[in-house]
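Peer 1: Let me give you the structure first, and then I'll get to my questions.
2 protein chains.
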Amino acid sequence: MTDATITDIPAYMTDLGHRARAASRQLARASTAAKNHALLAIAAQLEQERAALTAANQQDLAAGAAKGLDAALLDRLELTASRIDAMIEGVRQVATLPDPVGAITDLNYRPSGIQVGRMRVPLGVVGIIYESRPNVTADAAALCLKSGNATVLRGGSEAFASNQAIARCIQAGLVAAGLPEDGVQVVATTDRAAVGAMVAMPEAIDVIIPRGGKSLIERISREARVPVIKHLDGICHVYIDAHADLDKAYAIAINAKTQRYGTCNTMETLLVDAPVAAAILPRLAAAYRDKGVELRGCPQTCALIAEAVPATDADWDSEYLAPILSIRVVAGLEAAMEHIARHGSAHTDAIVTEDYARARRFLREVDSSSVMVNASTRFADGFEYGLGAEIGISTDKFHARGPVGLEGLTSVKFVVLGDGEVRG
Amino acid sequence: MTDATITDIPAYMTDLGHRARAASRQLARASTAAKNHALLAIAAQLEQERAALTAANQQDLAAGAAKGLDAALLDRLELTASRIDAMIEGVRQVATLPDPVGAITDLNYRPSGIQVGRMRVPLGVVGIIYESRPNVTADAAALCLKSGNATVLRGGSEAFASNQAIARCIQAGLVAAGLPEDGVQVVATTDRAAVGAMVAMPEAIDVIIPRGGKSLIERISREARVPVIKHLDGICHVYIDAHADLDKAYAIAINAKTQRYGTCNTMETLLVDAPVAAAILPRLAAAYRDKGVELRGCPQTCALIAEAVPATDADWDSEYLAPILSIRVVAGLEAAMEHIARHGSAHTDAIVTEDYARARRFLREVDSSSVMVNASTRFADGFEYGLGAEIGISTDKFHARGPVGLEGLTSVKFVVLGDGEVRG
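Following this line, the structure appears as structure tokens:
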């Protein structure tokens with residue numbers, strides 16, 4: 001499937017990196033109009049090339065089936081007509097988002113007479129390493145382009161033909177808008193050495209965003225010689241406080257677990273304050289039973305819920321991504337926060353309470369990328385937060401934290417306006 | 001000089017890291033009042049222990065002299081009475097700065113009914129690795145404390161006794177304010193293995209800030225397994241445009257080069273637009289001559305300035321940190337920006353012009369941490385920018401860029417306030 005003309009991977013990647021760097025300079029100064037023009041041209045091109053996209057995807061699907069890929073992987077790989085629609089619509093929506101680049105904030109006069117502010121600027125070249133979903137190619141390219149960055153994309157080998165077909169549409173769109181074709185490059189080889197090269201080219205790539213399973217992300221974090229915006233575990237908690245409104249608690253605990261099972265912001269552990277355990281747990285257990293959720297509990301939980309099985313120590317550290325929930329009865333807010341600090345993954349944690357002081361303490365003291373009061377953890381999402389779009393969710397603290405939108409793909413520089421001032 | 005009881009460096013550093021992590025949780029939720037109380041208590045303690053500080057410093061100076069350290073190094077090492085004054089005053093000033101921690105911004109309602117904002121939070125544990133100046137111990141500890149971080153400090157071996165004496169004052173101040181003594185720890189060994197351990201403890205240390213020469217910073221960047229806020233070269237440019245006010249240009253070019261020679265924001269290369277070269281260069285050359293600045297120029301410069309020697313290619317890439325200036329006559333704004341992109345270090349670059357469009361292009365297109373119009377590069381400084389203080393200047397783009405104050409020592413998390421909302 002690889003482009004057979006690429007035999008010298010280091011030389012190929014070096015050249016690709018040089019071209020990305022050169023293109024990034026042009027994209028950094030591209031006007032908002034030119035970037036939006038390119039996005040709409042990319043969308044039009046994807047629309048026009050539907051047949052070619054589907055044919056390329058069929059080729060990937062046939063190769064995947066022949067290789068014995070499992071059904072779930074083949075499903076993720078498939079570009080159905082509605083997925084192509086969604087991909088095109090996503091690119092169009094990015095065109096409607098405000099352009100973050102060049103915005104100047106806090107432009108204040110200083111006693112010396114200079115005026116100092118901060119201008120938002122692109123990061124430069126963003127490398128995205130992802131797995132089987134080919135729609136990431138268009139989504140990620142659109143966000144990087146709008147934020148003025150050049151992009152190097154390296155998708156999964158099983159989606160090679162689909163990604164190349166999408167890349168051709170993107171590059172045609174860039175050219176139509178007078179922007180450099182090299183602004184978005186899709187690595188044209190499935191050789192894994194290309195990934196090793198990508199994460200170790202600080203002169204060419206400024207940040208790597210891996211999107212995929214934990215093993216991919218861990219490997220990239222280990223090998224990377226450039227910053228990585230990464231998402232590791234999502235072990236999210238809901239804590240039902242003694243002062244909770246139990247109807248809200250019920251609605252949130254059901255939604256946080258069962259609205260979707262496989263997402264990173266799904267609740268994996270429910271913590272319940274001892275005074276309300278008997279009032280809420282049997283009611284919740286009935287609803288979870290109806291939805292087929294397996295319950296694993298601490299001894300107090302098991303005493304209140306007949307069908308709960310005893311939780312092991314490993315349960316408190318597990319991201320199930322499945323209809324399984326661990327439940328622990330705790331002795332108040334302190335114990336709940338201690339459990340979250342010890343077992344959580346600093347992703348998303350919520351308290352349900354009507355108590356002002358406890359809500360305020362939870363918000364301040366729980367060190368997670370999203371901290372919520374009386375809301376479902378499922379809201380931790382770039383669209384729900386109003387970021388317009390999301391390139392991923394960061395579980396790091398450095399640079400970007402939580403859902404990462406256009407702003408997370410930028411940095412700021414200081415701008416100084418003077419009238420001939422010198423330093424005394 | 002090392003504490004002789006420390007024989008097992010990995011075990012010592014692991015323990016120190018554990019204690020830093022535990023202390024960081026307490027400092028993250030410490031009130032503004034408690035942190036300010038600690039800062040004032042540290043200042044009082046430093047005041048009270050002047051004699052002990054001076055004695056410890058004398059011990060370092062004697063050992064340094066015996067080891068044959070050069071005069072410049074011994075000077076940097078010395079804690080004179082006025083330097084102790086400045087150190088104490090610096091700690092007191094940090095107490096007067098606004099507390100960034102817990103501030104919530106952009107708390108907006110979303111269509112779902114949830115209200116989403118961002119709360120500023122400490123990074124966690126900050127590791128500082130620095131060289132001979134012992135005052136860094138108090139400066140860095142104060143900034144990290146105010147921003148709610150625990151700190152692990154590793155100073156130069158030649159300042160060991162001085163740093164330990166300062167550390168005792170800091171820890172006494174923390175205890176006086178009811179904050180954990182382990183909130184600021186100074187590594188009590190000069191074994192270089194401690195540095196290797198510090199930069200590779202992601203479980204204990206969240207970010208490393210090296211302060212020192214280029215070789216220290218390069219070594220740490222290479223070895224680090226945690227993010228590094230680093231400062232590499234400061235190859236700063238002033239570009240005098242054809243549309244410059246030549247009096248402003250003169251003042252800025254003299255100040256940017258000669259106000260101080262050894263600082264990172266000192267101009268190293270002067271670029272002059274060809275149409276004004278004959279009008280400004282001889283006048284500047286006379287002033288530089290009076291100040292003893294050696295001039296190295298391109299052929300056009302040498303034709304205009306008799307005493308200029310020809311610049312070599314290496315000059316354009318040199319950070320002299322000395323009374324040496326390279327000068328190049330360029331053909332307009334594009335050529336100037338091209339020179340800066342190619343030879344600059346993305347630190348601080350200035351244009352002198354009265355032309356609106358050229359000023360605006362330079363601000364947008366020059367990709368440096370500080371970009372200036374009609375002001376001296378020497379203003380690139382946390383105090384001059386109004387950050388209140390500065391832990392360093394970052395030449396990275398990721399997380400923090402340019403002068404880094406309290407805000408650069410923090411991150412943000414999302415906070416979500418709801419009333420029982422669930423995701424549909």
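Protein chains in written order, with the UniProt record's numbering: chain A, 1 to 424; chain B, 1 to 424. Where a beta carbon is used, it is the ideal one built from N, C-alpha and C, also for glycine.
(1) Please compile the residues from chain B whose C-beta is within a distance smaller than 9 Å of the C-beta of Asp206 of chain A.
(2) Between which two residues does the alpha helix (DSSP H) containing Ala375 of chain A stretch?
(3) Quick one: what's got a C-beta closer than 8 Å to Met1 of chain B's C-beta in the same chain, skipping five residues either side?
(4) So the alpha helix (DSSP H) Pro299 of chain B belongs to, where does it begin and stop?
(5) Taking beta-carbon pairs under 9 Å, can you tell me which members of the stretch 234–248 of chain B lie near chain A?
(6) Which of the three DSSP states, helix, strand or coil, is assigned to Arg154 of chain A?
(7) Given a threshold of 16 other Cβ atoms within 10 Å of its Cβ, counted over all protein chains shown, does Ala11 of chain B qualify as buried or as exposed?
(8) Who are the neighbours of Gly386 of chain B on chain A, taking C-beta pairs under 8 Å?
(9) Would a check of beta-carbon distances place Gly196 of chain B closer than 8 Å to chain A?
(10) What separation, rounded to the nearest whole angstrom, lies between the Cα atoms of Val329 of chain A and Ala71 of chain A?
(11) Leaving aside the five residues before and after Ala165 of chain B along the sequence, list all residues of the same chain whose C-beta is less than 6 Å from its C-beta, in chain order.
(12) Per DSSP, what kind of secondary structure is Met1 of chain B in: helix, strand or coil?
(13) Are the beta-carbon atoms of Leu46 of chain B and Val94 of chain B separated by less than 8 Å?
(14) Can you give me the Cβ contacts of Val126 of chain B inside the same chain, cut-off strictly under 6 Å, excluding the 5 residues immediately before and after it?
(15) How far does the alpha helix (DSSP H) with Asn36 of chain A in it extend, from its first residue to its last?
(16) Starting from the C-beta of Thr269 of chain A, find all residues in its chain whose C-beta is less than 6 Å away, skip the five residues before and the five after it, and write them out in chain order.
(17) Rounded to a whole number of angstroms, what is the C-alpha to C-alpha distance between Gln26 of chain A and Gly408 of chain B?
(18) If you drop the 5 nearest sequence neighbours on each side, which residues of the same chain put their C-beta closer than 6 Å to that of Ala274 of chain B?
(19) To the nearest angstrom, how far is it from the Cα of Val121 of chain A to the Cα of Arg378 of chain A?
(20) Please classify Leu363 of chain B as buried or exposed, where buried requires at least 16 other C-beta atoms within 10 Å of its C-beta.
(21) From the beta carbon of Arg423 of chain B, is the nearest beta carbon of chain A less than 8 Å away?
(22) Assign Arg211 of chain A to one of three DSSP states: helix, strand, or coil.
(23) Does the contact criterion of 3 or more C-beta pairs under 8 Å hold for the stretch 73–80 of chain A versus the stretch 380–398 of chain A?
(24) Can at least three beta-carbon pairs, one atom from the stretch 385–395 of chain B and one from the stretch 410–419 of chain B, be found at a separation below 8 Å?
(25) Is Asn149 of chain A close to chain B, meaning its C-beta is less than 8 Å from at least one C-beta of that chain?
(26) Out of A:Thr312, A:Ile220, A:Leu39 and A:Met13, which one is the CA nearest neighbour of Gln185 of chain A?
(27) Closer than 8 Å, CB to CB, is Ala81 of chain B near chain A or not?
(28) From the DSSP output, read off the bridge partner residues of Val136 of chain A.
(29) Excluding the five sequence neighbours on either side, which residues of its own chain have a C-beta within less than 6 Å of the C-beta of Ala138 of chain B, listed in chain order?
(30) At a CB-CB cut-off below 9 Å, which residues of chain A make contact with Met119 of chain B?
(31) Answer with yes or no whether the minimum CB distance from Gln58 of chain B to chain A is below 8 Å.
(32) Would you identify the three-state DSSP class for Tyr261 of chain A, choosing helix, strand or coil?
(33) Which whole-angstrom value is the C-beta distance of Asp349 of chain B and Val373 of chain B, which I expect to be below 8 Å?
(34) Quick one: residues in its chain with C-beta nearer than 8 Å to the C-beta of Ala176 of chain A, no 5 flanking neighbours on either side, listed in chain order?
(35) Is the Cβ of Ser411 of chain B closer than 8 Å to any Cβ of chain A?
(36) Anyone know if the C-beta pair for Gly17 of chain A and Met201 of chain A falls short of 8 Å?
Peer 2: Judging by the given coordinates:
(1) Ordered by position in chain B, the residues that pass the 9 Å Cβ test against Asp206 of chain A are Lys397 and Phe398.
(2) From DSSP, Ala375 of chain A is part of no alpha helix (DSSP H) but of the beta strand (DSSP E) over Ser370 to Ala375.
(3) Confidence in Met1 of chain B is poor, its pLDDT being 43 and thus under 50, which makes the residue's placement too unreliable to answer from.
(4) Pro299 to Leu304 is the extent of the alpha helix (DSSP H) around Pro299 of chain B.
(5) The stretch 234–248 of chain B vs chain A, Cβ under 9 Å: Asp245, Asp247 and Lys248.
(6) Here Arg154 of chain A sits in strand by DSSP.
(7) Classification of Ala11 of chain B: exposed, given that the 10 Å Cβ count is below 16.
(8) The CB of Gly386 of chain B comes closer than 8 Å to the CB of Asn108, Arg110 and Val116 in chain A, given here in chain order.
(9) For Gly196 of chain B, the answer is no, since every Cβ of chain A falls outside 8 Å of its Cβ.
(10) Between Val329 of chain A and Ala71 of chain A, the C-alpha separation is close to 39 Å.
(11) Within the same chain, Ala165 of chain B has close Cβ partners Ala52, Leu53 and Ala56.
(12) A caution first: Met1 of chain B carries a pLDDT of 43, below 50, which makes its placement in the model unreliable, though a value can still be read off. DSSP places Met1 of chain B in coil when its eight states are reduced to three.
(13) Not a contact, by the Cβ cut-off of 8 Å.
(14) Excluding sequence neighbours, Val126 of chain B sits near Cys144, Asn149, Thr151 and Val207.
(15) If you look at Asn36 of chain A, you'll find it in the alpha helix (DSSP H) that goes Thr32 to Gln48.
(16) If we look at Thr269 of chain A and ignore the five residues flanking it on each side, its Cβ neighbours are His237 and Ser326.
(17) Approximately 29 Å, taken between the alpha carbons.
(18) If you ignore the 5 residues before and after Ala274 of chain B, its C-beta comes within less than 6 Å of the C-beta of Val329 and Ala331, all in its own chain and listed in chain order.
(19) Their backbone Cα atoms lie some 31 Å apart in a straight line.
(20) Here Leu363 of chain B is buried. Its C-beta has 16 or more other C-beta atoms within 10 Å.
(21) Yes, Arg423 of chain B counts as interfacial toward chain A.
(22) Looking at Arg211 of chain A - three-state DSSP - the assignment turns out to be strand.
(23) Flag = no, the stretch 73–80 of chain A and the stretch 380–398 of chain A do not touch.
(24) The stretch 385–395 of chain B vs the stretch 410–419 of chain B: no contact.
(25) Cβ-Cβ to chain B under 8 Å: no for Asn149 of chain A.
(26) Relative to the Cα of Gln185 of chain A, the nearest Cα in the group A:Thr312, A:Ile220, A:Leu39 and A:Met13 belongs to A:Met13.
(27) Taking 8 Å as the threshold, the shortest C-beta distance from Ala81 of chain B to chain A does not fall below it.
(28) DSSP, once it has assigned bridges, lists no residue as partnering Val136 of chain A.
(29) Cβ within range, chain order: Met87, Val91 and Ile166.
(30) Under the 9 Å cutoff, chain A gives Leu363, Arg364 and Val371.
(31) Interface criterion not met: the Cβ of Gln58 of chain B is under 8 Å from no Cβ in chain A.
(32) Three-state DSSP puts Tyr261 of chain A in coil, outside helix and strand.
(33) 11 Å between Cβ atoms; not a contact.
(34) Here the set comprises His37, Ala38, Ala41 and Gln45.
(35) It does; some Cβ of chain A falls within 8 Å.
(36) Contact: yes.
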